[in-house]
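What follows is a set of notes on a single structure, which appears directly below.
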Ligand code: MG
């Protein structure tokens, strides 16, 4: 099965977005570490790995459908954040942006009646629901801390 040039190009662009997110989350993980938030930092290093896995999922898919893998230049991700809440708000904005991009890829696959790519993209549609829910949960915890030290957050996070 051969993927169309248009979808192939759009997927290559998405590989760049996933790698951008991976770098952004590594920056964020280092920032959380600088605040003494070891567990939150570990969570975000894990998130950074996950984004790289997403990029590679797309790479492998292109290989399967006889496409051309052409990873684009990745722009520098932000590394300055406005506290934990500000960083998590950035994470939420990135994830909402990715959700929009995945939806547009799906629109294209539907338009082209490319059922295989629709099926492949469904995993990412569900993944985005989970990604947004995870950040939303962290933001809820940060809100719930109120005036308590942000270090208290660590007690509510999984230990690695
Ligand atoms: Mg992703």
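Residue numbers (the numbering used here): 1 to 160.
Idealized CB from N, CA, C, for every residue including glycine.
query                                                                                                                                                    : result
Spatial neighbours of residue 47 within its chain, please: C-beta separation below 6 Å, excluding the five flanking residues on both sides.              : 25
Please classify residue 163: is it buried, with 16 or more other beta-carbons within 10 angstroms of its beta-carbon, or exposed?                        : The chain is shown only over 1 to 160; residue 163 falls outside these bounds and no answer can be derived.
Beta carbon of residue 60: closer than 6 Å to some heavy atom of the ligand MG?                                                                          : no
Could you check where the alpha helix (DSSP H) with residue 20 kicks off and where it finishes?                                                          : 5-34
Tell whether a beta-carbon distance below 7 Å holds between residue 17 and residue 101.                                                                  : yes
How do the stretch 68-87 and the stretch 22-40 stand: do at least 3 beta-carbon pairs fall below 8 Å, yes or no?                                         : yes
Any chance you could list the residues with Cβ under 6 Å from a heavy atom of the ligand MG, keeping chain order?                                        : 18, 21, 51, 54, 98
Taking residue 127 as the reference, give the member of 35, 8, 57 with the closest Cα.                                                                   : 57
DSSP three-state label for residue 56, please.                                                                                                           : helix
Return the Cβ separation of residue 21 and residue 51 in integer angstroms, given the expectation that the two are a contact with Cβ distance under 8 Å. : 4 Å
With 16 as the cutoff for other CB atoms within 10 Å, does residue 8 come out buried or exposed?                                                         : buried
Look at residue 65 and residue 1 and say whether their C-beta atoms are less than 7 Å apart.                                                             : yes
Based on Cα-Cα distance, which residue from 11, 124, 103, 96 lies nearest to residue 67?                                                                 : 11
Any contact of the stretch 141-158 with the stretch 33-46, i.e. 3+ C-beta pairs under 8 Å?                                                               : yes
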